[in-house]
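Undergrad: To convert, note that position 70 of the sequence shown is 77 in my numbering; the numbers rise steadily by one, no gaps. Virtual Cβ for every residue (Gly too), placed ideally from N, Cα, C. Computed from a predicted structure; not experimentally measured.
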Amino acid sequence: MVPIEARRELWAWYYGMRAFEHCRASCQHVLKERLDENHPLYYPMNVAATINYARPFRRSNGLPARPEDIVPSKYRAVHERVMLLRDKLHAHTDTDKSAHPGLMTVDVLFEVTARHKGFKILEAPLKPEAFKTLNNLC
8 MVPIEARREL WAWYYGMRAF EHCRASCQHV LKERLDENHP LYYPMNVAAT
58 INYARPFRRS NGLPARPEDI VPSKYRAVHE RVMLLRDKLH AHTDTDKSAH
108 PGLMTVDVLF EVTARHKGFK ILEAPLKPEA FKTLNNLC
């Protein structure tokens, strides 16, 4: 019988691979359909991509995190940005710390336009061009 630690390690690598596949599918959907910030699926695809990308790098009950040194150096800045978005905005909403240093990434505004009057949530998703890079990283 294979020891439990070896099975956990194998499961963590396989789980990571599947999470990257889900991230890639989200990115490819945004790119193929040319979704932009105005499309109702744009923000949910942002969340799906960042959460799935980050999964292997965060500890889970019973599963070890994958080492961040597996990320190629040319993608290091993208990796760090996606992890920050995941940690501060998509998996948890931290209003005291921004996912974009120096900028407010989560806020509630009262908006008045010719067609609409009401509350609006300000969220800072990935930009459309960032999905290409994240797709390559997956």
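Any idea if isoleucine 58 is buried or exposed, counting beta-carbon neighbours within 10 angstroms, 16 or more meaning buried?
TA: buried
Undergrad: Near leucine 48, what residues of its chain come up, given a Cβ to Cβ distance below 7 angstroms and the 5 sequence neighbours on each side ignored?
TA: Cβ contact annotation for leucine 48 (same chain, cutoff 7 angstroms, sequence separation greater than five): Leu42, in chain order.
Undergrad: Lysine 39 lies in the alpha helix (DSSP H); which residues open and close that run?
TA: 11-40
Undergrad: Which residues share a DSSP beta bridge with proline 119?
TA: For the record, residue 119 in the displayed sequence is valine; it is not proline. Valine 119 is bridged to Lys124.
Undergrad: Using a 10 Å radius around the Cβ and a threshold of 16 neighbouring Cβ atoms, would you call alanine 84 buried or exposed?
TA: exposed
Undergrad: Confirm, please, whether the CB-CB distance from histidine 97 to valine 54 is below 8 angstroms.
TA: yes
Undergrad: Who pairs with leucine 70 in a beta bridge, going by DSSP?
TA: Ser67
Undergrad: Please say whether arginine 65 and alanine 72 have beta carbons closer to each other than 8 angstroms?
TA: yes
Undergrad: With C-beta atoms as the reference, is tyrosine 50 less than 8 angstroms away from proline 135?
TA: no
Undergrad: Classify proline 63 as buried or exposed, calling it buried when 16 or more other Cβ atoms lie within 10 Å of its own Cβ.
TA: Under this definition proline 63 is a buried residue.
Undergrad: How would you call methionine 52, buried or exposed, if buried means at least 16 neighbouring beta carbons within 10 angstroms?
TA: buried
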